[in-house]
Amino acid sequence: MTQEELSIKVYGPRSGYVTGLGMRPFSSNKSIVGFGDNITYVTQLEQKVQEQANQIQEQAERIEAANNKIYELVEAKKEQGRTLARFMEYIKHQGYTG
C-alpha cells in the first residue's frame, strides 16, 4: 500500500488536497485572518498616503515662500539698477567723465 493510499484510508479523501505537497484550498477561517490583515495593510497605506499628502503640502508652501523671496530679490535688483543708472546720470551732469 502506498503512502497516498494509506493516507486516504486513515484520513479519508480530501478534495483539493495534494498529498505530500501540503496544498489545499484556503479555509474560510484563514480568509478571515487574511481579511483582517488586509484591513491593517489598507489602514497603513492610508496613513502613508496622508503623511505624503502633508509632506507635499509643506513642500508646496516652502516653494511658494521661496518663489516670493526670489520675486522680492529680482525687484530689489531692478530697483538697484535704476538707482545706479540715476547715480551715473547725476555724476555725468556733474562733469565726471571717468
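Going left to right, the sequence shown walks through residues 1033 to 1130 as my numbering numbers them. Glycine included, every Cβ here is placed at the ideal spot set by N, Cα and C.
- Between the alpha carbons of Asn1099 and Ala1085 lies a distance of about 21 Å.
- Looking at the backbone, the Cα of Gln1076 and that of Ile1088 are separated by about 18 Å.
- The continuous alpha helix (DSSP H) containing Gln1035 extends over residues 1035–1043.
- Around Ile1095, the same chain offers no residue with a beta carbon nearer than 6 Å, after the five sequence neighbours per side are excluded.
- Separation of Asp1069 and Gln1079 (C-alpha to C-alpha, rounded to the nearest whole angstrom) is 15 Å.
- Tyr1073 carries a helical assignment under DSSP once its states are collapsed to helix, strand and coil.
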